[in-house]
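Trainee: Can you keep this structure in mind? I'll have questions shortly.
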Amino acid sequence: MKKLRLLLILLCLSPALFAQEEFNPMGKTWVVFIENTDYESFASLTGPTTDIELMKSSLQGYLIDRIIHVKNMTKQEMEDFFAKEFRNLVVENEVNAIMVWYAGHGKFINNIGYWIPVDATLDDEFTYYNMNSLRQSLREYSESVTNTLVVTDACESGPTFYQAMRSIPTNRSCSELMSGPARSSQVLTSSGYEFATENSAFTNTFASALANNANPCLPIENIVTQVTIAASRNNQARPRFGKIAGLEDEGGTFFFVAREQ
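Using the numbering used here, the first residue of the sequence shown is number 36, and each one after it goes up by one.
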């Protein structure tokens, strides 16, 4: 726990990973990567390490104020991180937009999605991190956060966490940012890692969409379309996209704002 707190303090007191002088209409934007690979009871994974490094590289072309990368979290660390540590950092630093990305094992049990902490016990859901706990914590961020995006490359989130979109995502325009972003609370999930050494096709497509974007911004809906097409082409389960249940949403969306070339 002390090591985790020290990591967070060092990350958040050091200069931003990407020096930012350009105006970002999304406001102060932070990204959190949670990488769980070294499990005690579940099979260890290597895919998340490569995938997150790929994502971090793809984000270099966008206006991101800070990236926090946390590895191998226990259940208690997950609970403390979202309920207290990260919440306090977000509020104190007046962060406006956050993306939380989880890569690791996940479970979907009785319509509830779980992230698997590294100290979880096989077949004991009480040792898993319930995504509804994440939702409850995110409610406390609304003082400063306008746009929230949760991406989970682990499992489906479940109907208690999100309201699924029942149609193809609407095309969004960068012009929406001219009057300031409307509030949004969104989640995108994939089926996750099936094998210990597997890299995620979902992450590869997501990162490719960022890297190959030629527009001044990239709305999450465009990425959803691309990862959905890729999943269908590879005969994989369709990613799920929707609004986070119980969080404020005014019909806005999460935009990745590109740096000026």
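Every residue gets a Cβ at the ideal spot worked out from N, C-alpha and C, and that includes glycine.
Every value quoted in this text rests on a predicted model; they were computed, and no experiment measured them.
Which residues does DSSP list as the beta-bridge partners of V105?
Mentor: Partner(s): I69.
Trainee: What residues match up with P274 in a beta bridge as DSSP calls it?
Mentor: Answer by DSSP bridge pairing: none, since P274 is not bridged.
Trainee: Quick one: what's got a C-beta closer than 8 Å to R273's C-beta in the same chain, skipping five residues either side?
Mentor: T263, A266 and S267.
Trainee: Here's a check: name, in chain order, each residue in its chain whose Cβ is nearer than 6 Å to the Cβ of V135, leaving out the five neighbours to either side.
Mentor: Only V67 and V185 meet the Cβ criterion.
Trainee: Within 10 angstroms of its Cβ, does D158 collect 16 or more other Cβ (buried), or is it exposed?
Mentor: D158 should be labelled exposed.
Trainee: Would you decide whether D284 is buried or exposed? Buried here means 16 or more other CB atoms lie within 10 Å of its CB.
Mentor: D284 should be labelled buried.
Trainee: Taking F290 and L253 to be in contact with their CB atoms under 8 Å, please state how far apart those CB atoms are, rounded to whole angstroms.
Mentor: Yes, they are in contact, since the Cβ atoms of F290 and L253 sit about 7 Å apart, within 8 Å.
Trainee: Using 8 Å as the cut-off, can you tell me whether the stretch 172-185 makes contact with the stretch 204-221, which would need three or more C-beta pairs spanning the two stretches below that distance?
Mentor: Touching, yes, given that three or more Cβ pairs across the two stretches are closer than 8 Å.
Trainee: Taking I69 as the reference, which of G139, A236 and A78 has the closest Cα?
Mentor: Closest option to I69, Cα to Cα, is G139.
Trainee: Using a Cβ distance threshold of 8 Å, determine whether the stretch 110-118 contacts the stretch 76-86, with at least three qualifying pairs required.
Mentor: No, they do not touch.
Trainee: For I144, does the three-state DSSP call read helix, strand or coil?
Mentor: Strand at I144.
Trainee: Counting Cβ pairs, one atom from each stretch, are 3 or more of them under 8 Å apart for the stretch 79-92 and the stretch 233-252?
Mentor: Enough Cβ pairs lie closer than 8 Å, so yes.
Trainee: So, with DSSP's three-state summary, where would you put T240?
Mentor: T240: helix per DSSP, three-state reduction.
Trainee: Judging by CA-CA distance, which residue of P60, T288, G287 and G281 is the nearest neighbour of Q171?
Mentor: Cα-wise, what sits closest to Q171 is G281.
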